[in-house]
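Peer 1:
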Amino acid sequence: MAEAQEVINPNFTMVYVPETDGINMVKCNKMEDVYNFIKTGKKYVIELPDTKTILNVQCTYAAIKAADMKIITAFINGKQDHDSEDCTISYRYEHFDSIHYTSFSYREKCNVYISVNDLF
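Offset between the sequence shown (1-based) and the numbering used here: plus 343.
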């Protein structure tokens, strides 16, 4: 799997995520105000760098403190993981830089990206 390539910008970090067909993405979970960017119906990419996992998700419901994200496709070490597709995970805003994915007792570091076109 190709690594996400960063282009530094004073306001956003632009990345190229291969599994999204080259759509330019920006990291939107740098601070606890991530809830400003999470909207019902929008698509996101969640990167779990420790396990080399990329999740293409769609927000099915954005609430005050968390959002439900349906996994559209998942890639682990560059290979598609069909077992995770159509599952729903919860992304809690208070833990903006980590998520429970493979375990309820361990929070994995995560990066959440949104398409530049969906940013505002």
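Beta carbons are placed, not taken as given, at the ideal position from N, Cα and C, and that holds for glycine.
Check the C-beta distance from Y444 over to Y378 and give it rounded, since I have them as a contact under 8 angstroms.
Peer 2: For this step, residue 444 is matched to residue 101 along the sequence shown. For this step, residue 378 is matched to residue 35 along the sequence shown. No, Y444 and Y378 are not in contact; Cβ-Cβ is about 20 angstroms, not under 8 angstroms.
Peer 1: For the stretch 391–401 against the stretch 410–421, are there 3 or more C-beta pairs whose distance is under 8 angstroms?
Peer 2: In short, these stretches touch, since the Cβ pair count reaches three.
Peer 1: Give me whichever residues DSSP pairs with S458 in a beta bridge.
Peer 2: Walking along the sequence shown from the start, residue 458 turns up at place 115. M368, per the DSSP bridge assignment.
Peer 1: Among Q423, L391, A410, whose alpha-carbon lies nearest the alpha-carbon of Y449?
Peer 2: Taking the first residue of the sequence shown as 1, we reach residue 449 at position 106. For Y449, the nearest C-alpha among the options comes from L391.
Peer 1: Which of the three DSSP states is assigned to N399 in this structure?
Peer 2: Position 56 of the sequence shown, counting from 1, holds the residue named residue 399. If DSSP states are grouped into helix, strand and coil, N399 belongs with the strands.
Peer 1: Within 10 Å of its beta-carbon, does V459 have 16 or more other beta-carbons around it, so buried, or fewer, so exposed?
Peer 2: Position 116 of the sequence shown, counted from the start, is the residue given in the question as residue 459. With fewer than 16 other Cβ atoms within 10 Å, it is exposed.
Peer 1: Does the Cβ of C430 have 16 or more other Cβ atoms within 10 Å, making it buried, or fewer, making it exposed?
Peer 2: For the purposes of this step, residue 430 is taken as residue 87 along the sequence shown, with counting starting at 1. Per the 10 Å Cβ criterion, exposed.
Peer 1: What's the C-alpha gap between Y407 and N372?
Peer 2: For the purposes of this step, residue 407 is taken as residue 64 along the sequence shown, with counting starting at 1. For the purposes of this step, residue 372 is taken as residue 29 along the sequence shown, with counting starting at 1. The displayed chain sequence assigns Ile, not Tyr, to residue 407. If you take the alpha carbons of I407 and N372, they lie about 16 angstroms apart.
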